[in-house]
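Peer 1: Residue numbering for the sequence shown follows the UniProt record's numbering, beginning at 1 and increasing consecutively.
For each residue, glycine too, the CB sits at the ideal point set by N, CA and C.
Predicted model only: the values in this text are computed from it and were never measured.
A single structure is presented below for examination.
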Amino acid sequence: FTALSPIHELKAEYVGMTSVSLTWVVNDTASSSYTYRIEVVNGTSVRNLTSNVTKVEITELLPKTLYNFTVFAVVNDDETEGEGVSISLYTKPSPIHELKAEYVGAEKVNLTWVVNDTASSSYTYRIEVVNGTSVRNLTSNVTKVEITELLPGTMYNFMVFAVAADGQTEGEGVPISPYTKPSPIHELKAEYVGAEKVNLTWVVNDTASNPYTYRIEVVNGNSVRNLMSDVTKVEITDLIPGIQYNFTVFAVAADGQTEGEGVPISLYTRKSQLLAALFLVDILLCSSGLSLTVQGLKHNTSLTCAVVNGTSVRNLTSNVTKVEITELLPGTMYNFMVFAVAADGQTAGEGVSISLYT
């Protein structure tokens with residue numbers, strides 16, 4: 001036989017973790033009688049395969065390993081070979097394992113993962129960051145990455161690929177899709193404070209806040225309950241009059257689980273309306289003025305007494321259920337308004353009034 005022409009257009013039709021499929025073209029008119037020897041080299045390891053057609057599947061390869069494949073055309077006597085044509089490539093790395101979000105913040109996520117391949121010391125990693133139509137790629141030389149410049153309260157799709165030493169051959173990507181934390185709410189305030197009810201309002205600035213819900217934690221001593229709201233306000237009922245409550249509001253992302261940092265507000269509910277439980281008794285005129293005594297107050301209640309005469313208004317306070325009001329004018333009508341005041345010294349119940357002449 002005359003010398004055989006080399007094969008042409010040798011290429012890898014498929015590259016996997018443990019197998020590679022090669023194809024090629026032969027132009028010789030006598031090629032119908034050809035067979036092909038495929039030399040597989042990895043370091044000092046050499047093995048040979050044969051094929052009767054212009055393609056071959058090579059199996060039992062190591063993931064993420066550089067192989068050199070050389071294909072020779074062979075005539076029927078199995079002794080005459082054409083010049084070999086080579087291709088060098090990496091098998092794909094194995095997929096990473098145990099991908100998890102080690103930290104999730106409002107604008108940052110830290111991912112970690114594990115790689116089991118023996119060749120993993122030379123791996124790099126591509127991290128694909130997808131939010132809607134926005135796609136960007138990061139790289140890491142270690143099995144973790146910090147992803148910054150994210151939007152609060154937004155779902156991201158992160159895909160991590162192990163990359164072989166050629167910087168091109170990638171393993172199968174492994175995905176994780178967490179939500180970033182919402183930003184804390186702003187301007188939390190009590191729009192209304194009653195004896196058994198409080199209305200809270202707040203503001204949210206996140207662009208992704210449209211699908212947010214809100215968890216409101218209501219704490220009184222050891223008693224804790226949670227309410228939910230779909231809007232930036234809530235009415236909290238079934239409260240105890242004159243008691244301090246701690247309310248904390250958390251913005252919750254659309255997954256119903258990822259919460260932003262809570263924002264607290266502490267306040268006292270108002271005392272119950274005095275009219276139902278308190279009575280002004282023992283109105284005593286004396287040389288020094290007027291004495292008012294109130295019944296029906298709890299031990300932790302103080303009093304404020306407003307003394308009104310025309311446009312003149314003054315306020316007195318008392319820690320007991322009576323007050324002596326002095327420096328009054330004889331024969332003059334006064335309006336006295338008594339308010340029960342909670343332990344914060346500010347939150348007052350509805351006043352009860354009495355008008356009389358000295």
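I need the DSSP call for S86, collapsed to helix, strand or coil.
Peer 2: The residue labelled residue 86 in the question sits at position 86 within the sequence shown. It is a strand residue.
Peer 1: Quick one: is R270 buried, meaning 16 or more other Cβ sit within 10 Å of its Cβ, or exposed?
Peer 2: For the purposes of this step, residue 270 is identified with residue 270 of the sequence shown, where counting begins at 1. R270 is buried by the Cβ-count criterion.
Peer 1: Using a Cβ-Cβ cutoff of less than 8 Å, which residues in the same chain neighbour V224 once the five nearest sequence positions on both sides are dropped?
Peer 2: Taking the sequence shown and counting its residues from 1, the one referred to as residue 224 is at position 224. Closer than 8 Å at Cβ, skipping near neighbours: E217 and V218.
Peer 1: As a quick exercise: from L22, E60 and S312, pick the residue whose alpha carbon is nearest that of E327.
Peer 2: In the sequence shown, the residue the question calls residue 327 occupies position 327. Checked all of L22, E60 and S312; the closest Cα to E327 is S312.
Peer 1: Let's test the definition: count the other Cβ atoms within 10 Å of the Cβ of V234 and tell me whether it reaches 16, buried, or not, exposed.
Peer 2: Your numbering for residue 234 matches position 234 in the sequence shown. Answer is buried; the Cβ neighbour count reaches 16.
Peer 1: With distances taken from CA atoms, which of S140, T133, S5 and A195 is nearest I127?
Peer 2: Counted from its first residue, the sequence shown places residue 127 at position 127. Among S140, T133, S5 and A195, the Cα nearest to that of I127 is on S140.
Peer 1: Determine, using beta-carbon pairs with one atom in the region 166 to 177 and one in the region 91 to 102, whether at least three such pairs fall under 8 Å.
Peer 2: yes
Peer 1: Taking buried to mean at least 16 other C-beta atoms within 10 Å of its own C-beta, is D255 buried or exposed?
Peer 2: As a working note, residue 255 is residue 255 in the sequence shown. With fewer than 16 other Cβ atoms within 10 Å, it is exposed.
Peer 1: With a Cβ-Cβ cutoff of 8 Å, do residue 359 and T213 count as a contact?
Peer 2: No information on residue 359 is available, as it lies outside the stretch 1 to 358 that the chain covers here.
Peer 1: When you compare only the Cα positions, how much space is there between S31 and L10?
Peer 2: Taking the sequence shown and counting its residues from 1, the one referred to as residue 31 is at position 31. Taking the sequence shown and counting its residues from 1, the one referred to as residue 10 is at position 10. Between S31 and L10, the C-alpha separation is close to 16 Å.
Peer 1: Specify the secondary structure class of K55 as computed by DSSP and reduced to three states.
Peer 2: Within the sequence shown, numbered from 1, the residue matching residue 55 stands at position 55. In the structure shown, K55 sits in a strand (DSSP, three-state: E or B).
Peer 1: Please classify L4 as buried or exposed, where buried requires at least 16 neighbouring CB atoms within 10 angstroms.
Peer 2: Position 4 of the sequence shown holds residue 4. Around the beta carbon of L4, a 10 Å sphere encloses 16 or more other beta carbons of the protein chains shown; the residue is thus reported as buried.
Peer 1: What residues in its chain sit with their C-beta under 7 Å from that of L227, if we drop five residues either side in the sequence?
Peer 2: Position 227 of the sequence shown holds residue 227. Taking L227 as the centre and dropping the five residues before and after it, the same chain places the C-beta of I216, V218, V234 and I236 closer than 7 Å to its C-beta, in chain order.
Peer 1: Any idea which residues DSSP pairs Y103 with across the strands?
Peer 2: As a working mapping, residue 103 is identified with position 103 in the sequence shown. DSSP lists N110 as partners of Y103.
Peer 1: Per DSSP, what kind of secondary structure is S122 in: helix, strand or coil?
Peer 2: Mapped onto the sequence shown, residue 122 falls at position 122. Reduced to three states, the DSSP call for S122 is helix.
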